[in-house]
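K.L.:
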Amino acid sequence: MANNVSEVANTTTSTASGESIKLLSVRGITKSFGTNAVLKQIDLDLDGGEVLALIGGNGAGKSTLMKIIMGIYQPDDGKIYVNGCLTHLNKASVALSAGIYMVPQEPMLFPNMTIEENITMGFQEHKQQLRMRLKSVMQEIGWKFDLNRKASTLSIAEQTLVEIIRGLLRNAKILILDEPTSALTFDEVESFFRIVKELRQKGIGIIYITHRLSEVFDIATHVSIMRDGIITLHGPVSDFNHEMLVQGLLPPGSVQKNKLFEQTTSIDYENTQPVFELQNVSGHGFNNISLKVFPGEILGVAGVVGAGRTELVSTIFGRDKILHGRVLLNGKDITGYSTKKVLQAGINYVPEDRHNHGLFKISSITANTTSALLEDRRLGKLFLKPKVEQAITQEFVDGFRIKIAGQDQLAGSLSGGNQQKVVIGRSLSTKPKIVILDEPTRGIDAAARRDVYGIIRGLREQGVAILIISSDMEEIIELADRAVTVSQGSINAEFWKKDITQDNLTASSFGLHVKGEAHAQ
Amino acid sequence: MMGGNDKLNSRFVEGLKKFTKKWEFVLLLILLAEFVIFGAANFEKFMRIGSIFSSINNYISICIISLFVTFVMITGGIDIQASSIVGLTSIVIGVLWSDAGLNIWVAVLLAIVTAALCGALSGFFVSYCGVQPMVVTLGGSFLYSGLALLISGLSKTPAYQGISGFPAKNDLGQFVSFRALGKMLVFDLIPVQIIIYVVLIVLCYLLLHKSRYGRRVYLVGVNRQAAEYSGINSRWIIMSTYILTGIGAAIAGVLLTANVDSAKYNLGSTFTLSIITAVVLGGTLSTGGKGSILGTALAAIVICILRYGLPLCFGISNQNLDLPIGIMLVIVVAVRAVLALNRKPLFRKLDRESLPRN
Amino acid sequence: MKLIKRFLKIRWLSSLAFLAVMFIITGLVNPGFFTYSNIIECFNSSVVFTLLAVGVAFVIMTGEIDVSIGSTMGLAAAIAGMLAQRGQSWGLMIVYSIVIGLLIGLVNGYGVAVLGVPSLIFTLGTTGIIRGLVYVFSGGKTTENFAGTFTNFGSQTLFGQITIYYTIVLVIVIVTHLLLTQTRSGKYFIAVGDNVGGATLIGIPVTATKIVAYVLCGIFAAISGVAFASKYGQVNIVAGAGYEMSAIAACVLGGISLSGGQGNLAGAAIGAVIMSTISRLLVFIGLSSDFDNTIKGVMLISIVVIDALMQRRSAETARRERLVARASGSAR
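Line by line, the protein sequences are chains A, B and C. Quick note on the working numbering: the first sequence kicks off at 1 and runs consecutively. Quick note on the working numbering: the second sequence kicks off at 1 and runs consecutively. Quick note on the working numbering: the third sequence kicks off at 1 and runs consecutively.
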């Protein structure tokens, strides 16, 4: 599946030929930042009514490509054709008038303005006229919004929808959706897919960036895979299956590891005490959670985005108040402990949001790794001992195979996978009795993912208890010894190894009753 | 044996090489350039150690306070109230000593405590109430200078006059006790303030670059949330940096009062811009996460030497000095910004609020 | 209670209410204050501050800051004074001041918006440069001896004891306020401050908007310098030092958020009146002017702390409500 689209492209630009003119054609786009070549001769086609799923790991260049199409970056080389016409997208306003609109991954609304002001910002038309058009668009889509609400009061899902309305009001013909479902709950995702189908029927072409392979088959008509700045696979979705897509994401020559993994140790549930136990814990976003994690066990916590899992663990980690219940670590009551005390007690946490909560981007790798260890005696009595810090960091660098130029390298310049490894390293530096990993492989490439799985399994061997929160069911199926699902803030099912299947997890994540042990909902 | 020596040597060379890439090295070059240029222009007058020291001494307050403001700016904050605290410290010493009759050193101690409390108050609003540092310290600068004026009203000495007559000389005519802090010359050459400044540089260096506290300050400045998730109490760390500047301003106030033998409420009122200039010139990013004591100190000295050399060697009057210093600041930050533009957005503020990261 | 809360949410109205409360308290302590001319005088005397505050409000709304306005004012005032000494016309003075403001604004705008230098730092540098220029132009001496029609002009009253100057300022404020809130491009300033990434995404020319903000700020500051010279009759070389802080404080008191995206020019104008009349009001109350700064400081700190705490509380409550709703399934 090489880049043979370029041949097709040469004929589409001439109206004389029999080929149809594509809505959007991108040819030979190249872009480098300094010496870092981010995009290398990218070709892309999009037609009206198509949904092109664009997949790729971190650093593959998707975001850069979209910003170029949106006129925010300028390519070093290459051309973009909209409806067959060569267009110089040197400013966002040019892209907007060409009918291109991007809905960013995190909605970029104006928090202090009302919804109406947000949508109508930047328009030339008369206010009344605009408002009428807006109302008719909303009626078509079937959404009801109080237009006078301030944008800051909306949920992420609602904000995403407002962004889409903005695009529609601009009569966008090319819509770029960057991971639009990453913050949506299940119902919202369903309704979102319906909207996408309607947009397709209107002849709008959609570029749909996602990390979720399942969505490709749910919603897309075509798929392109980017890796390291080039397109490795491209074509109609019907031409592919799951394995082929995953193959396209991996670096050449890598072999898909066998999914089944032999359990070398089994946990004696009868005779061991749980390391970590929650007894009827309630807080903001979750209710009456009870669970246990045993040493040397991987407990998977499944559920859809917004189910309350991250709220649960971050509250336990000291970021919010526990309203009710008890948290026990090796029998000791640690309910309501501050983050510092929780760390000292023996819990550590790899945050869901690596960028905002996990990484010190302009700090060295050493500083990143030891940031939770600053209380530790090993680091020196009065002053910090750089040698000790470096030794500890090096252990993780070697053990996790983190690709760095040197420990002084700034963490923000690492690839996503390596960044995640650094954060995991920090979480293990305190030698916790239980490690909580929240979406540990989100946004990292397949090779790094395999490494992370290896790290997790290694921890298991050592008898550390592990709690993994993941929206990736396959991940839970692969790793967990036991799994629970959280739905709407409560645990509604628990599964033992043989029962951890896609069907079971999916069903209970979405709130349906399943066979197997189930907690009362 | 030989191998060991070689290793030491190569590590030293490595360290040296790394240093040359740093901003502190550029500052050092600028300092040397100043010496070369001014020395060439008027060697005799310029190269007098005593005059050089006294030139640094004139602006010692700015030098000292900028060391501590570095801490604040690394956490991403800013402190524009320090200069008001200088005056407050001064008048508190004066009133406590002359009107309340307290021992001079007790008065000094109480003044420092007062300053620390002022810093703590503003720091509290910044870290625990979430108010922007610029506004809080703006209000603080009004408040503390206002309080200084009010306190001077408590004294029988009129405010515009300033309290003087501090304990000064002993029988031998040497400066001892309080005024020694202002006037004594160590080895008959180095003003004692400079010694104190050097000691402070060392202490601040150890505090910021070598201690756990300093590491926490950096981490909080780089990513406050991530610091919290690492178990660091970011609110206390941020508040403490403002307490530090309060104390720094107090030390400057003490030295200044001792020097001019006058405790006045408006001492130090014009320092703010110079302090920030020194810190920024020293390589500290106003967005936080980056900065160094060495850089700040070098930048402060560069400015002092500039203020000394320009009038001396090129006849530029004292009041015109704002112009070249302003130009220097603008050029330095403009060049830094342009260089940053070419790199992938890691440092730029836009990145924090920008479009999808990938 | 809810009505009051809604009222307070419109920030400039709360500032107006605050001003009214200040007047009332002064009048209660000293009934002699409650004369029309006293109250009008409060507004008349705020000409310089109003211009400064409104000008810097443009920049603050876009999320930046400008601390060079004090020195810009000083420069323009010195030059206006010098022109007055030579008996030059009003028109020429206005032209000069606009040019000065324009140039300074362009430099500031370029450094901040194009080069990307943090605005506090860059305008700090330009402050020094402009101060230096003041010394160069004025030869280090106070500019004086230009009394006459120039200085008398502004204090002549039009109607209702409102001086010509304040009338002009009022007109300017009203016009610019309407332009900012009602026109499409006027809204760009607030949009850029509210969410700069979002503004870029919908095609708002962010760089140009910021540069325009700085240019307007510079022009307003320069014109305030002309008013300053006319009002005081003499301009010393440190004229304007510290005024930038008061102007910024005025904006904050008027409901403009320093992080940008909130507030409007009416608020800035009201805040300017508050800042400039405190000393006057204190005199009526019987407190010496020694209390000026202390009271300004307390006011400023109290207002921003209360504002921050309220915003935090409502954001926290909103967040918790959302989470609880999700958990109990009543969301959507």
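No residue lacks a Cβ here, since even glycine has one placed at the ideal position from N, Cα and C.
Compare the Cα-Cα distances from A/Arg-354 to each of A/Pro-104, A/Asn-280, A/Arg-426 and report the closest residue.
P.N.:
Minimum Cα-Cα distance from A/Arg-354 among the listed residues A/Pro-104, A/Asn-280, A/Arg-426 corresponds to A/Arg-426.
K.L.:
Please list, in chain order, all residues of the same chain as A/Gly-170 whose beta carbon is under 7 Å from its beta carbon, the five residues on each side excluded.
P.N.:
According to the sequence provided, residue 170 of chain A is Arg. The question's Gly does not apply to it. Within the same chain, A/Arg-170 has close Cβ partners Leu-96, Tyr-101.
K.L.:
Apply the 10 Å Cβ neighbour rule to B/Asp-188 and answer buried if 16 or more other Cβ atoms are within range, or exposed otherwise.
P.N.:
Under this definition B/Asp-188 is an exposed residue.
K.L.:
If you measure beta-carbon to beta-carbon, which residues of the stretch 114 to 132 of chain B are closer than 9 Å to chain C?
P.N.:
Leu-121, Ser-122, Phe-125, Cys-129, Gly-130, Val-131, Gln-132
K.L.:
So what's B/Lys-22 in DSSP terms, helix, strand or just coil?
P.N.:
coil
K.L.:
Using a C-beta cutoff of 7 Å, does B/Asn-320 count as contacting chain C?
P.N.:
yes
K.L.:
For C/Arg-313, collect the residues of the same chain with a Cβ closer than 7 Å to its Cβ; drop the 5 residues on either side in sequence, then sort them by chain order.
P.N.:
Closer than 7 Å at Cβ, skipping near neighbours: no residue.
K.L.:
With C-beta atoms as the reference, is C/Ile-100 less than 7 Å away from C/Ala-76?
P.N.:
yes
K.L.:
Three Cβ pairs or more, each shorter than 8 Å: is that satisfied between the stretch 187 to 207 of chain C and the stretch 67 to 87 of chain C?
P.N.:
no
K.L.:
Any C-beta of chain A within less than 8 Å: which residues of the stretch 221 to 248 of chain B qualify?
P.N.:
So the list reads Val-222, Asn-223, Gln-225, Ala-226, Ala-227, Glu-228, Tyr-229, Ser-230, Gly-231, Ile-232, Asn-233, given in the order they occur along the chain.
K.L.:
Quick check: C/Phe-220 and C/Gly-91, are their CB atoms within less than 7 Å of each other?
P.N.:
no
K.L.:
Excluding five sequence neighbours on each side, which residues of the same chain lie with their C-beta closer than 8 Å to the C-beta of A/Pro-351?
P.N.:
The answer, listed in chain order, is Ser-314, His-357, Gly-358, Val-423, Asp-438.
K.L.:
Could you tell me the alpha carbon to alpha carbon distance between A/Ser-254 and A/Leu-161, rounded to whole angstroms?
P.N.:
Confidence in A/Ser-254 is poor, its pLDDT being 45 and thus under 50, which makes the residue's placement too unreliable to answer from.
K.L.:
Let me know the secondary structure DSSP gives A/Lys-292 once reduced to three states.
P.N.:
strand
K.L.:
Determine, using beta carbons only, whether B/Ile-96 comes closer than 7 Å to chain A.
P.N.:
Rather than Ile, the amino acid found at residue 96 of chain B in this sequence is Leu. So, not an interface residue.
K.L.:
Within this structure, are the beta carbons of C/Ala-308 and B/Val-131 separated by less than 7 Å?
P.N.:
yes
K.L.:
Counting C-beta neighbours from all protein chains within 10 Å, is the total for B/Leu-16 16 or more, i.e. buried, or is it exposed?
P.N.:
exposed
K.L.:
Whole angstroms is fine: what's the gap from A/Lys-31's alpha carbon to A/Trp-143's?
P.N.:
39 Å
K.L.:
CB-CB under 7 Å to C/Thr-209, same chain, minus the five flanking residues each way: which ones, in chain order?
P.N.:
Taken in chain order, the residues that qualify are Thr-62, Tyr-188, Phe-189, Val-192.
K.L.:
Does DSSP put A/Thr-30 in a helix, a strand or coil?
P.N.:
strand
K.L.:
Give every residue of the same chain whose Cβ lies closer than 8 Å to the Cβ of A/Ser-152, excluding the five residues on either side of it in the sequence, and list them in chain order.
P.N.:
Pro-111, Asn-112
K.L.:
Alpha carbon to alpha carbon, what distance is there between A/Gly-489 and A/Phe-276?
P.N.:
19 Å
K.L.:
Does the beta carbon of C/Met-310 sit closer than 7 Å to a beta carbon anywhere in chain B?
P.N.:
no
K.L.:
Which residue from B/Ile-104, B/Glu-24, B/Leu-181 puts its Cα closest to that of B/Leu-256?
P.N.:
Of the candidates B/Ile-104, B/Glu-24, B/Leu-181, the one whose C-alpha sits nearest the C-alpha of B/Leu-256 is B/Leu-181.
K.L.:
So C/Ile-256 packs on C/Leu-16, CB below 8 Å; how close in whole Å?
P.N.:
Taking a contact as a CB-CB distance under 8 Å, the pair C/Ile-256 and C/Leu-16 does not count as one, their CB atoms being some 14 Å apart.
K.L.:
Are the beta-carbon atoms belonging to A/Lys-79 and A/Arg-27 less than 7 Å from one another?
P.N.:
yes
K.L.:
Whole beta strand (DSSP E) runs in the stretch 165 to 240 of chain C with 3 or more residues, listed along the chain?
P.N.:
none
K.L.:
Per the DSSP calculation, A/Gly-205 is bridged to which residue(s)?
P.N.:
A/Ile-174
K.L.:
With a Cβ-Cβ cutoff of 7 Å, do B/Asn-57 and B/Pro-191 count as a contact?
P.N.:
yes
K.L.:
With the cut-off set at 7 Å, would you say A/Arg-401 and A/Asp-445 are in Cβ contact?
P.N.:
no
K.L.:
Buried or exposed: which applies to A/Gly-331, given that a residue is buried once 16 or more other Cβ atoms fall within 10 Å of its Cβ?
P.N.:
Label assigned to A/Gly-331: exposed.
K.L.:
Using 7 Å as the threshold, is the C-beta distance between B/Gly-231 and A/Ala-372 below it?
P.N.:
yes
K.L.:
Would you say C/Gln-262 lies against chain A (beta-carbon separation less than 7 Å)?
P.N.:
yes
K.L.:
How far does the alpha helix (DSSP H) with A/Lys-40 in it extend, from its first residue to its last?
P.N.:
Taken as a continuous stretch (DSSP letters only), A/Lys-40 belongs to no alpha helix (DSSP H), being part of the beta strand (DSSP E) at 36 to 46.
K.L.:
Would you say B/Gly-283 faces chain A, with C-beta separation under 7 Å as the test?
P.N.:
So no, B/Gly-283 is outside the interface.
K.L.:
Kindly indicate the opening and closing residues of the alpha helix (DSSP H) around A/Trp-143.
P.N.:
First-last for A/Trp-143: undefined, no H or E at that position.
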